[in-house]
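Residue numbers (this note's numbering): 1 to 308. In this text, a Cβ means the ideal position worked out from N, Cα and C, and glycines have one as well.
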Amino acid sequence: MKPGRLDPALEPAEAWRQAVAGECETALAWLAGGDKASPVRAVHQARRACKRLRALLRMAEPALGETAVEARRWVAVSARQLAPTRDATVRAATLAAVLAEYREVLAEAACAALEVTYAVEAPAELPPQARDDASATLEALTNLLDDSALRQLSRRSLLGGGRLAYRRARRSWRSVRKTRSPEAWHELRSAVQVHLNQLKGLRECTGGRFRARQRKLARLARLLGDAHDLWMLHVSLAEASEGSLGALLRPVLAAREHACYAAAADLAAELFARRPKAFEVRLEQAWVDASLAREAVIRDADGLAADA
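What follows is the structure, given as structure tokens:
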């Protein structure tokens with residue numbers, strides 16, 4: 001079973017506990033540099049593990065309440081410690097991708113100068129503070145995962161967490177439709193990632209029923225991520241002097257950002273058309289159907305063994 005995924009062969013509480021523990025171990029392994037990955041890659045993978053952890057904790061909030069909320073805050077603190085390195089790397093990569101298309105029509109020296117201005121030197125090692133925060137997060141989550149807390153978890157409560165994540169994403173989309181502000185788009189991106197990671201975590205429990213939705217959510221998340229990266233670069237060029245290459249690139253970045261958001265809006269309108277309760281019913285039915293199918297396979301296997 002992949003880290004972060006609930007094992008359908010286990011009781012829901014134990015499956016959730018193992019999924020959370022697996023993601024904690026994954027994040028710490030990347031931060032420790034066990035596989036000799038570059039610091040940039042290690043930071044990226046550790047942040048991804050933190051995002052999956054937060055999605056699992058949101059799934060448990062109907063049962064664990066403030067305990068899960070507090071644990072999620074701990075994970076968010078660790079992720080923020082890693083953000084500066086990741087953001088700087090993304091900004092440089094976004095600039096390089098944009099310049100690659102315009103290098104033939106722009107002066108090579110100007111392109112090179114701009115790349116140097118926003119170049120990022122990969123850190124030789126991960127910040128010790130980030131490792132310390134990750135250790136603190138694991139300790140906090142370990143305290144969370146005691147038997148008394150887990151007894152409150154059930155399939156019903158986890159389904160409720162899935163409904164809340166869907167409702168948050170749907171409300172974020174409605175907010176985007178009203179304001180179209182960068183803050184609203186960013187909130188939608190965060191909510192979409194939680195919703196997507198929860199469906200990934202429940203993939204085996206739901207028999208893969210939501211694979212098509214996961215693919216669309218992943219595309220939506222990529223579009224929103226690309227738009228966010230373009231916006232970050234756009235902001236960093238805001239003070240470029242008129243007539244400079246940085247100033248000339250601003251409308252290019254704005255046009256690309258707009259195209260990403262337009263495509264994202266079409267997908268979001270499709271993905272969040274249902275009411276939250278209707279989505280929860282669909283999610284529960286998929287879980288029940290998958291459970292019945294597994295039980296049927298087990299009975300058939302037991303019958304074959306008895307006949308032999």
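Check                                                                                                                                                                                       : Outcome
What did DSSP end up calling residue 210 once you bin it into helix, strand or coil?                                                                                                        : coil
For the alpha helix (DSSP H) that contains residue 56, what are its first and last residues?                                                                                                : 39-64
Of all the options 39, 217, 186, which has the alpha carbon lying nearest to the alpha carbon of residue 195?                                                                               : 217
Between the Cα of residue 232 and the Cα atoms of 202, 248, 253, which residue gives the shortest distance?                                                                                 : 253
Consult DSSP for residue 175 and reduce its assignment to one of helix, strand or coil.                                                                                                     : helix
Where does the unbroken alpha helix (DSSP H) through residue 191 begin, and where does it stop?                                                                                             : 182-201
Give every residue of the same chain whose Cβ lies closer than 6 Å to the Cβ of residue 75, excluding the five residues on either side of it in the sequence, and list them in chain order. : 50, 53, 54, 137
Sort 162, 287, 175 by Cα distance to residue 7 and report the nearest one.                                                                                                                  : 287
For the candidate residues 60, 94, 298, whose alpha-carbon lies nearest to that of residue 201?                                                                                             : 60
In three-state terms, what does DSSP make of residue 152?                                                                                                                                   : coil
Counting only runs that start and end within the stretch 220-272, where is the alpha helix (DSSP H) found for 4 or more residues in a row?                                                  : 245-271
Out of curiosity, what's the CA-to-CA distance linking residue 296 and residue 10?                                                                                                          : 16 Å
Out of 292, 257, 22, point me to the one whose CA is closest to residue 222's CA.                                                                                                           : 257
For a test of the three-state rule: what should DSSP assign to residue 2, helix, strand or coil?                                                                                            : coil
Can the beta-carbon of residue 161 be found less than 8 Å from the beta-carbon of residue 58?                                                                                               : yes
Just to confirm, is the Cβ distance from residue 188 to residue 230 under 8 Å?                                                                                                              : no
Would you say residue 128 faces chain B, with C-beta separation under 8 Å as the test?                                                                                                      : Reference to chain B is not applicable here, since this structure consists of a single protein chain.
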